[in-house]
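Data first, discussion second: the structure below is written as structure tokens.
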Amino acid sequence: MMNVISFSEALRERTWSGQGNGDGAGFMTDLMNGRGDRDDYIALVAQHFFIYEAIEAAAERMKNDAVAAAFISPKLTRLPAITADLSFLLGDDWAEQITPLPTTARYVERIRQVAATWSGGFIAHHYTRYLGDLSGGQFIRTLMQKRFGFETNGVGFYLFADIAAPREFKVTYRAQLDAVGWNERERERVIDEVLVAYAFNTDLFVDLKDAKAAAAAA
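Written out as structure tokens, the structure reads:
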């Protein structure tokens, strides 16, 4: 008898190879391995601001959508934590010091486009960011705390104070994915959009690496 895997399992299997590959992996590898510096971390947090501003504005628009509403939770909201981190890292005038990199601008526009009319597209980006934050993001937080002497300030983005059991939260989230009832064509569209989101993330790391090189050469 052929085993039939769930949609959430298919999503993980089909998109796993799209994570962390390509030229941009070097930026995060350097940051994780101690070859990156505090400014590199700040540059990453700054780009997160624009991305999560777009996702959480989309969540506000989607909160009454019959499909998307099940995935939206205030426990996941990251924007207040990001702004607090940037205030700590850059000062009260942080907003005047940051600008979106080219990939970030395209990423934000993509989120705005798909979330305007397509709940599956919104969920694809929501899934990519927040389940990643609840998984690998916790490892990043620990490393940054050790490397730069942060306690809570500076890494609040990675602290989900209202989620006592991240593993259980992720299990529930994946069960919700399986319960949506998308047909095969729509499932394929959602998987493709997750791959788009992963590609944006990889390209963003390339932008960050290139911006760092340009600043060093200036």
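Residue numbers (the numbering used here): -14 to 203.
All residues carry an ideal CB built from backbone N, CA and C; glycine is no exception.
Keep in mind the model is a prediction, meaning the values are calculated, not measured.
Near residue i, which residues of its chain fall below 7 Å by C-beta distance, leaving aside the five closest residues on each side in sequence?
i             : result
alanine 39    : Val93, Ile96, Arg97
aspartate 195 : none
alanine 182   : Ala109, His110, Thr113
alanine 100   : Ala43, Arg46, Met47, Gly106, Phe107
aspartate 177 : none
Could you give the distance in angstroms between the alpha-carbon of residue i and the alpha-carbon of residue j?
i              : j                : result
threonine 89   : alanine 28       : 12 Å
methionine -14 : glutamate -6     : Because methionine -14 carries a pLDDT of 43, less than 50, the predicted location of this residue cannot be relied on, and the following value inherits that uncertainty. C-alpha separation (whole angstroms): 18 Å.
alanine 42     : glycine 122      : 22 Å
aspartate 70   : glutamate 171    : 37 Å
asparagine 186 : valine -11       : 30 Å
arginine 174   : alanine 203      : 43 Å
alanine 160    : phenylalanine -8 : 9 Å
tryptophan 1   : lysine 197       : 28 Å
arginine 126   : glutamate 153    : 20 Å
glutamate -2   : aspartate 50     : 27 Å
So, under 8 Å CB-CB, residue i and residue j are touching, yes? Tell me the CB distance rounded to an integer number of Å.
i                 : j             : result
tyrosine 158      : leucine 116   : 6 Å
lysine 60         : aspartate 192 : Contact flag wrong, Cβ pair sits at about 30 Å.
phenylalanine 142 : isoleucine 67 : 5 Å
leucine 74        : tyrosine 37   : Not confirmed; about 16 Å, so no contact.
leucine 162       : leucine -4    : 7 Å
Is the CB-CB distance between residue i and residue j below 8 Å?
i                 : j                 : result
phenylalanine 12  : phenylalanine 190 : yes
alanine 53        : serine 104        : yes
phenylalanine 133 : tyrosine 26       : yes
Below 6 Å CB to CB, which residues in the same chain sit around residue i once its five sequence neighbours on both sides are set aside?
i                : result
phenylalanine 35 : Pro85, Thr89, Val93
glycine 21       : Asp15
arginine 31      : Per the sequence presented here, residue 31 reads as alanine, with arginine not at that position. So the list reads Ile83, once near-sequence residues are dropped.
Using a Cβ-Cβ cut-off of 8 Å (strictly less than) and excluding sequence neighbours within five positions of residue i, which residues of its own chain qualify?
i            : result
glutamate 45 : none
Within 8 Å (strictly less), CB to CB, does residue i reach chain B?
i           : result
alanine 203 : Within the model displayed, chain B is absent; a lone protein chain is all it includes.
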